[in-house]
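*Asks:* Residue numbers (our numbering): 9 to 565. Ideal Cβ placement from N, Cα and C applies to all residues, glycine included.
1) Run the CB neighbour count on residue 236, radius 10 Å, all protein chains shown included, and call it buried at 16 or more, exposed below.
2) Since residue 289 is in the alpha helix (DSSP H), which residue starts that stretch and which ends it?
3) Could you check the C-alpha separation between residue 165 and residue 430 for me, to the nearest Å?
4) If I measure Cβ to Cβ from residue 388 and keep anything under 6 Å in the same chain, skipping five residues before and after, which residues do I get?
5) Return the chain-ordered list of same chain residues with a C-beta closer than 7 Å to the C-beta of residue 123, the five sequence neighbours on each side being excluded.
6) How would you label residue 506, buried or exposed, when you count the other beta carbons within 10 angstroms and need 16 or more for buried?
7) Spatial neighbours of residue 333 within its chain, please: C-beta separation below 8 Å, excluding the five flanking residues on both sides.
8) For residue 24, count neighbouring C-beta atoms within 10 Å of its own C-beta (all shown protein chains included) and say buried if the count is 16 or more, exposed if not.
9) To which residues of the same chain is residue 311 closer than 8 Å at the C-beta, ignoring the five residues directly before and after it?
10) In three-state DSSP terms, what is residue 252?
11) Leaving out five residues on either side along the sequence, give the residues of the same chain with a beta carbon under 6 Å from the beta carbon of residue 536.
12) Is the separation between the beta-carbon of residue 49 and that of residue 208 shorter than 8 Å?
13) Alpha carbon to alpha carbon, how far is residue 376 from residue 510? Give it in angstroms, no decimals.
14) Can you tell me whether residue 540 is buried or exposed? The criterion is at least 16 other CB atoms within 10 Å of its CB, across all chains shown.
15) Is it the case that the Cβ atoms of residue 225 and residue 153 are separated by a distance below 8 Å?
16) Hey, how far is the Cα of residue 7 from the Cα of residue 465?
17) Nearest to residue 382 by CA position, among 493, 326, 367 and 214, is which residue?
18) State yes or no: is the C-beta of residue 40 within less than 8 Å of the C-beta of residue 174?
19) Check whether the stretch 447-463 and the stretch 76-87 are in contact - that is, three or more C-beta pairs closer than 8 Å.
20) Could you tell me which of 146, 452, 347 and 293 sits nearest to residue 436, measuring between CA atoms?
21) When the Cα atoms are used, what is the spatial distance from residue 42 to residue 177?
22) I'd like the list of long-range same chain contacts for residue 5, defined as Cβ closer than 7 Å, with 5 residues on each side in sequence excluded.
23) Drop a sphere of 10 angstroms on the beta-carbon of residue 321, count the other beta-carbons inside from all chains shown, and report buried for 16 or more, exposed for fewer.
24) Where do the N-terminal and C-terminal ends of the alpha helix (DSSP H) with residue 72 fall, by residue?
25) For residue 411, count the other beta carbons within 10 Å of its own beta carbon; 16 or more makes it buried, fewer makes it exposed. Which is it?
26) Output the boundary residues of the alpha helix (DSSP H) element that contains residue 471.
27) Whole angstroms is fine: what's the gap from residue 22's alpha carbon to residue 35's?
28) Tell me whether residue 509 sits in a helix, a strand or coil according to DSSP, three-state version.
29) Distance check for residue 413 and residue 150, CA to CA, integer angstroms please.
30) Do you know whose CA, among 492, 446 and 451, lies nearest residue 99's CA?
31) I want to know whether the stretch 447-455 touches the stretch 294-313 - three or more CB-CB distances under 8 Å.
32) Once you ignore the five residues that flank residue 38 on each side, which residues in its own chain have a CB closer than 6 Å to its CB?
33) Need the endpoints of the alpha helix (DSSP H) that residue 37 sits in, please.
34) Start and end of the alpha helix (DSSP H) containing residue 403?
35) According to DSSP, simplified to helix, strand and coil, what is residue 199?
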């Protein structure tokens, strides 16, 4: 029987798939929950009566526009802070390493959430804004630090799976947040602030867990080499792969990393601290990478799926679901669907059918779902008004629209949600990886801020049906862009991707993977020739002499 995983892993030593690797994937993947918890909690928190009364979300003295403005300010403040966080992450990730950057962001995250929770005692909307902005600085850093670490430590055959652990954790956070809000609406009195304080305390719990677990994880070998700690890098990679340091698989990775870094240093010798920024915008290859980062974030954030995540209760109300508990329960099930979808996509699709095919399939599902909802709302814009009687066919159509919300969640999990982190962690060379990831995530959060800020106002100005039609059009544009511009990176080493971006721009997306098949230096010599070829190449290059092994075959790991 054909086993696709066996085919994918045939060149990967089984020892490298060990508990140390999975521990790192768990710790850094769990950081995705930071975003998920916030996105899941803030929309559902805004549906809880104590929060509404405390901060005047339904104050009759305010106009509809003012109430929509207040809601959008509260929900979008984390995204605004995340823009700064993503910028800060570029400096911190390269300066102090992936592990210490993780610990620092956890501290900032906890500080911000503590201020937000303290607003319950004062009723100060200013504390809500300040706390959520500061928390956003920490949360924004997770989207740079975690995917970078995961991409740098994972064997290339399962790199997609490992990076998708971060995207999957986003849905763990969303699902837990939805169920926490639903549970608190049932079991905690609506006359006490505890109804929204208890679920929001999940932020503190997850930050503490990640902070503690980070002390038992290992630093990225690629970062250690970048800062000149070569022996420690070799020892770390040897332990992560659970192979002797002179094993050809370990040595091939070390040589690939050193080779790319040497070429980057030679090309940028004598430049100032502005060198990486100039380099990023000076070459056509890097400009293409920037284009991929910016367009993937722009098209994904305005496809509408993220607004459904943040404003899920309002979307279910638009489709005819009434009652606070009913809306929150439907929202919780939506979170469960997205979580299961993300797990299935990470384990069975991203590395097996390829990034490009997975993304195209996900966008197609999302497009069909969005179009159905748009057409439904344009035809029956009174569905949310229970004073207006609905025919049997209208009720069936409304049920179909609710189902389409769930389908859109599956399409998002298969498509944009996984790829927007994975691609940006793969395409940049080592010297520019943190900078490129920071720019991508800055743009990500700026678009998410604009989206979460605009959607309540779009519902008023464009109507709900017009807003959904706008999202459908953006999704369709995204499908065309993926077909023409997005290269297939599945199965390629991080270092080998350089050759793909040296092609003419019009060939990278359509033919890049085929034209560069077989390129990739030492890592691919091993794939084609076997371990003996790698050993011969190591001896010829004198690399064993340059990188003194700190661990021998048979030594206890």
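*Replies:* On the basis of the data shown:
1) With fewer than 16 other Cβ atoms within 10 Å, it is exposed.
2) From DSSP, the alpha helix (DSSP H) with residue 289 extends over 283-290.
3) The straight-line gap from Cα to Cα measures roughly 14 Å.
4) Cβ neighbours of residue 388 beyond the five flanking positions: 402.
5) Once the five neighbours on either side are set aside, the close Cβ partners of residue 123 are 135, 138, 139 and 142.
6) With at least 16 other beta carbons inside 10 angstroms of its own, residue 506 counts as buried.
7) These residues qualify, in order along the chain: 190, 193 and 194.
8) Buried is the call here.
9) Excluding sequence neighbours, residue 311 sits near 371, 374, 378, 420, 424, 479, 482, 483 and 486.
10) Three-state DSSP puts residue 252 in coil, outside helix and strand.
11) Caution is warranted here: a pLDDT of 39 is assigned to residue 536, below 50, making its placement in the model unreliable, and the coordinate value is therefore given only provisionally. Nothing listed; no residue qualifies.
12) A contact, by the Cβ cut-off of 8 Å.
13) Taking the straight line from one Cα to the other gives about 36 Å.
14) In this prediction, residue 540 has a pLDDT of 42, which is less than 50 and means its spatial position is unreliable; what the coordinates show is noted afterwards. It counts as exposed.
15) Between residue 225 and residue 153, the gap from beta carbon to beta carbon reaches 8 Å or more.
16) A question about residue 7 goes unanswered here, because the residues of the chain that appear run from 9 up to 565.
17) Looking at the Cα atoms, 326 is the closest of the given residues.
18) Contact flag set, yes.
19) Touching, per the Cβ criterion.
20) Comparing Cα-Cα distances from residue 436 to each of 146, 452, 347 and 293, the minimum goes to 293.
21) Going from the Cα of residue 42 to the Cα of residue 177 covers about 8 Å.
22) Residue numbering for the chain in the displayed model covers 9 to 565; residue 5 lies beyond these limits and cannot be assessed.
23) That one is buried.
24) In the DSSP annotation of this structure, the continuous segment of the alpha helix (DSSP H) that includes residue 72 starts and ends at 72-130.
25) Taking all protein chains shown into account, residue 411 has fewer than 16 neighbouring C-beta atoms within 10 Å of its C-beta and is therefore exposed.
26) In the DSSP assignment, residue 471 falls within the unbroken alpha helix (DSSP H) covering 441-493.
27) Straight-line Cα distance between these residues: approximately 22 Å.
28) Three-state result, residue 509: coil.
29) Roughly 27 Å separates the two Cα atoms.
30) Ranking 492, 446 and 451 by CA distance to the CA of residue 99 puts 446 first.
31) Taking 8 Å as the limit for Cβ pairs, the verdict is that the stretch 294-313 does touch the stretch 447-455.
32) Cβ neighbours of residue 38 within its own chain (closer than 6 Å, five residues either side excluded): 177 and 218.
33) DSSP places residue 37 inside the alpha helix (DSSP H), whose first and last residues are 27-37.
34) First-last of the alpha helix (DSSP H) with residue 403: 400-422.
35) Three-state DSSP puts residue 199 in coil, outside helix and strand.
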